[in-house]
Amino acid sequence: MTDPYDASPPLTAEQRAVVDLPWDTRLLVTAGAGSGKTHTVVRRLDALVGHEDPDEALEAGEILVLSFSRAAVRELRDRIARHGDRAERVRVQTFDSWAYQLLAGAYPDEDWKTHSFDQRIRAATAAIEKGAVEAGQLGAPSHVVIDEAQDLVGDRRELVEALLDRFQRSCGFTVVGDSAQGIYGFQIEDPKERAKETDLFFTWLRTSYDDLVELHLTENFRATTPEARTALTLGPRLQNLAVSPDGAENAAAALHAELRERLLDLPDLGTLTGDFSLGTLKAFPGRCAILTRDNRQALAVSELLHEHGVEHRLKRSLQDRPVPHWVAELLRRAESLTLTESRFLELLAETPLPAGVAPERCWRLSRAATRRTGRGQVDVTALGRLVAEGRFPDDLADPETDRLIVSTVHRAKGLEYDRVLLLSPPSLDELRKAHESLDAPAEARSLYVAMTRAREDLYHVTGPDTSRIRRHRPTGRWYLGGWKRYERYGIQAVAGDVHRNTPPCSADMDAATTQTYLLEHARPGDAVTLRMRHPLPAGPEQSPPYDLFHHDRVVGEVSERFRRDLYAVEKISLPWEITWPREIVGLRVDTLETVAGGTAAGTNAGLGGNGVWIAPRITGIGRYRRGERAGEEQG
Ligand SMILES: Nc1ncnc2c1ncn2[C@@H]1O[C@H](COP(=O)(O)OP(=O)(O)OP(=O)(O)O)[C@@H](O)[C@H]1O
Numbered sequence: 006m007t008d009p010y011d012a013s014p015p016l017t018a019e020q021r022a023v024v025d026l027p028w029d030t031r032l033l034v035t036a037g038a039g040s041g042k043t044h045t046v047v048r049r050l051d052a053l054v055g056h057e058d059p060d061e062a063l064e065a066g067e068i069l070v071l072s073f074s075r076a077a078v079r080e081l082r083d084r085i086a087r088h089g090d091r092a093e094r095v096r097v098q099t100f101d102s103w104a105y106q107l108l109a110g111a112y113p114d115e116d117w118k119t120h121s122f123d124q125r126i127r128a129a130t131a132a133i134e135k136g137a138v139e140a141g142q143l144g145a146p147s148h149v150v151i152d153e154a155q156d157l158v159g160d161r162r163e164l165v166e167a168l169l170d171r172f173q174r175s176c177g178f179t180v181v182g183d184s185a186q187g188i189y190g191f192q193i194e195d196p197k198e199r200a201k202e203t204d205l206f207f208t209w210l211r212t213s214y215d216d217l218v219e220l221h222l223t224e225n226f227r228a229t230t231p232e233a234r235t236a237l238t239l240g241p242r243l244q245n246l247a248v249s250p251d252g253a254e255n256a257a258a259a260l261h262a263e264l265r266e267r268l269l270d271l272p273d274l275g276t277l278t279g280d281f282s283l284g285t286l287k288a289f290p291g292r293c294a295i296l297t298r299d300n301r302q303a304l305a306v307s308e309l310l311h312e313h314g315v316e317h318r319l320k321r322s323l324q325d326r327p328v329p330h331w332v333a334e335l336l337r338r339a340e341s342l343t344l345t346e347s348r349f350l351e352l353l354a355e356t357p358l359p360a361g362v363a364p365e366r367c368w369r370l371s372r373a374a375t376r377r378t379g380r381g382q383v384d385v386t387a388l389g390r391l392v393a394e395g396r397f398p399d400d401l402a403d404p405e406t407d408r409l410i411v412s413t414v415h416r417a418k419g420l421e422y423d424r425v426l427l428l429s430p431p432s433l434d435e436l437r438k439a440h441e442s443l444d445a446p447a448e449a450r451s452l453y454v455a456m457t458r459a460r461e462d463l464y465h466v467t468g469p470d471t472s473r474i475r476r477h478r479p480t481g482r483w484y485l486g487g488w489k490r491y492e493r494y495g496i497q498a499v500a501g502d503v504h505r506n507t508p509p510c511s512a513d514m515d516a517a518t519t520q521t522y523l524l525e526h527a528r529p530g531d532a533v534t535l536r537m538r539h540p541l542p543a544g545p546e547q548s549p550p551y552d553l554f555h556h557d558r559v560v561g562e563v564s565e566r567f568r569r570d571l572y573a574v575e576k577i578s579l580p581w582e583i584t585w586p587r588e589i590v591g592l593r594v595d596t597l598e599t600v601a602g603g604t605a606a607g608t609n610a611g612l613g614g615n616g617v618w619i620a621p622r623i624t625g626i627g628r629y630r631r632g633e634r635a636g637e638e639q640g
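Structure, rendered in structure tokens:
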């Protein structure tokens, strides 16, 4: 008989002890970076579903895995596919999408789309307490799994506590985490409250469950070189920060200094745009990440790399959840209300797909997501409804296969790369000069997370000057400023900046031709330009409309939100007369996504009645051109 785990790393005795515990165990696994926590979770899921004793085995539907981001869900799904085929049908969801699904089932008359993420999490916590989980379609879970539990703070922590409390008699759990990697404390605004949140969930588990089993994983498997192991020995001290005898602040400052010193002792690649750095970035065949402390740096690095022709992807915010473009194309061409497997696969075979998208997997997961469909079919309308209601399954997101990514440390949590380049970190004293309130333990943990993402190479590199990239607090956007307070030279593009209510089209291309053009010609990373259509504002407190150009084709227009934000960023003061930029250049295609607008709009545009179509999502920081001559007012 062939071993199903032949291609999977063998479990160590410590990992096996975690995997083999019965389903009703309440288990906390703490471990350092790269110790195989996620790997062990995957194998545990497989063991829970595939237990030899049928009385001990759980149905896949009885297990609920909650995670932080789509990327993490996707990562877990990929690993399940590689190392644990029996767990294929286990539900793996982000906290947000699980909460949304729970609320949509319990209170179908409320429009949950209009509530913020945090409001939905709080509403879901209240719904759990009122019995919505057991009353829902999927019923009460028998086992809950949570990875990266160190980042469970505030509202999400309370949601999980409510869930475990509710089913304390009937539900086992596997909670996995590493206190040294807690970097999401900033979600709690009040610094005092934030300090209290450190390890609060772990403490809650330890005090709430007399029968809690606590296991540790001590070996590191990720780092294969001394460089990649640089930070590891400091993990235990970081884990104990909350209980440091000389106070967390002082201990964290010392740890940050030590981590920084060790990093700066490693090979220095010089400046990012030096020949050596660019050469290695272009030639390296493995997966590489450039990690930055904040978004400002990530935007600047991405812009520089584009200028130097280095292909890469700027990593999205963890809550960004674009629906893959193949969904719109599938629905547009379906020609019937249901699709059989062969028709589904035939249509996908005719659609250009990003690398790593496996059509059979899309079929399987689409069927699972549109559960009420008849045997062997996918209900096209139900799939469209999932997009319209913002409930498209997390695990159907496109895989992130890019060779080079630029990401903040926060967005790279839980991930690993063959090579990591870290922007040379400033000292805490230098950071204090630039930031009013600085959270030293969070800075130390963040540096530790960054330094432990590498499998082989870890370098530091001098980052670009970011002094002109400023935050516009009311809108949350980054913009390019100048020496004078009123100077504005560019603005950041974010998800939702391309109009979605009607399908993109123009005088030159109708909606159907634009869809085909996008599919055949627009690729992630392509440069796009926003060009003012006319100088009249589209409404009060809005900019004029801008069309989105890909080469010389119009492929969309900006959304009302973009126009409002551009107005807000440009309106320096009440009497200020705005000179609108004629063009905004240097933005990029992030991805092609499926968006939902009105069904009438889709039908009128000849795209069928599903109300979904493809639109480009744009990213990056765009530069204004105000004058007639190209290059004028580049700042
Ligand atoms: N027993 C093992 N033998 C060999 N390799 C292993 C073993 N367990 C895990 N690995 C490998 O080690 C790497 C790190 O594992 P994993 O990502 O699960 O760690 P983690 O503890 O979740 O990491 P982190 O907390 O730093 O994100 C992976 O490439 C995984 O395949």
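In terms of our numbering, the numbers along the sequence shown are unbroken and rise by one, the last being 640. Ideal Cβ positions, reconstructed from N, Cα and C, are used throughout, including at glycine.
Beta bridge pairing from DSSP links Phe-178 with Arg-31 and Val-149. If only uninterrupted beta strand (DSSP E) runs of at least 3 residues are considered, those enclosed by the region 466–543 are 474–477, 482–486, 493–498 and 532–537. One thing to note: Ala-132 has its Cβ no nearer than 8 Å to the Cβ of Asp-325.
The three-state reading of DSSP puts Val-306 in helix, counting H, G and I together.
Every unbroken stretch of the alpha helix (DSSP H) spanning 4 or more residues and falling wholly within the region 560–607 is given here in chain order: 565–575. Between Val-392 and Thr-238, the C-beta gap is not smaller than 8 Å, which leaves the two residues out of contact. For the options Glu-441, Gln-547, Val-385 and Asp-552, the alpha carbon positioned closest to that of Met-537 is the one of Asp-552.
At a cut-off of 7 Å, the beta-carbon of Thr-343 does not count as near ligand 1: no heavy atom of the ligand is closer than that. Distances from the alpha-carbon of Arg-267 to those of Thr-297, Asp-384, Glu-232 and Asp-58 put Glu-232 closest.
The Cβ atoms of Gly-561 and Leu-592 do not sit closer than 8 Å to each other.
With a 10 Å radius around the Cβ and a threshold of 16 neighbouring Cβ atoms, Glu-61 comes out exposed. Take Ile-583, set aside five residues on each side of it, and the residues of its chain with a beta-carbon closer than 7 Å to its own are Glu-575 and Lys-576, in chain order. Per DSSP, the continuous alpha helix (DSSP H) segment holding Thr-285 begins and ends at 280–288. Sequence-distant partners of Ala-52 (beyond 5 residues in either direction) whose C-beta falls short of 6 Å from its own C-beta, in its chain, are Val-24. In the DSSP assignment, Leu-409 forms a beta bridge with Cys-293. In terms of side-chain proximity, the C-beta atom of Lys-42 is found nearer than 7 Å to a non-hydrogen atom of ligand 1. In the three-state reduction of the DSSP assignment, Ile-626 falls in the strand class.
When the beta-carbon positions are compared, Ala-447 and Gly-252 stay at least 8 Å from each other. Annotated three-state conformation of Ile-193 is coil, per DSSP. When secondary structure is reduced to three states using DSSP, Val-383 falls in the strand class.
Taking a 10 Å sphere around the C-beta of Gly-41, we find 16 or more other C-beta atoms and assign the residue as buried. Between Gln-98 and Leu-63, the CB-CB gap reaches or exceeds 8 Å.
When DSSP states are grouped into helix, strand and coil, Arg-458 belongs to the coil group. Nearest to Phe-289 by C-alpha distance, out of Asn-245, Ile-193, Val-425 and Pro-398, is Val-425. Secondary structure of Leu-243 (DSSP, three-state): helix.
Non-local beta-carbon contacts of Ile-295 in its own chain, meaning distances under 7 Å to residues more than five positions away in sequence, involve Val-306, Val-411 and Leu-426 in chain order. One thing to note: Leu-220 has its Cβ within 8 Å of the Cβ of Ala-22. For Glu-266, the enclosing alpha helix (DSSP H) has its first and last residue at 253–269. Taken through DSSP and simplified to helix, strand or coil, Leu-401 comes out as helix.
Ranked by Cα distance from Met-514, the options Leu-463, Arg-558 and Glu-80 are led by Arg-558. Taking a cut-off of 8 Å for Cβ pairs, the region 110–120 and the region 144–151 do not touch, as fewer than three such pairs fall below it. The closest CA to that of Ser-548, considering only Arg-566, Ala-532, Thr-534 and Asp-531, is found on Arg-566.
One Cα belongs to Leu-81, the other to Glu-93, and the distance between them is close to 10 Å. Distance between Asp-444 and Val-466, taken at the CA atoms: about 24 Å.
Judged by the Cβ position, Phe-207 fails to qualify as a neighbour of ligand 1 at the 7 Å threshold, every heavy atom of the ligand being at least this far.
In this structure, DSSP gives Asp-170 a helical state, which the three-state scheme calls helix.
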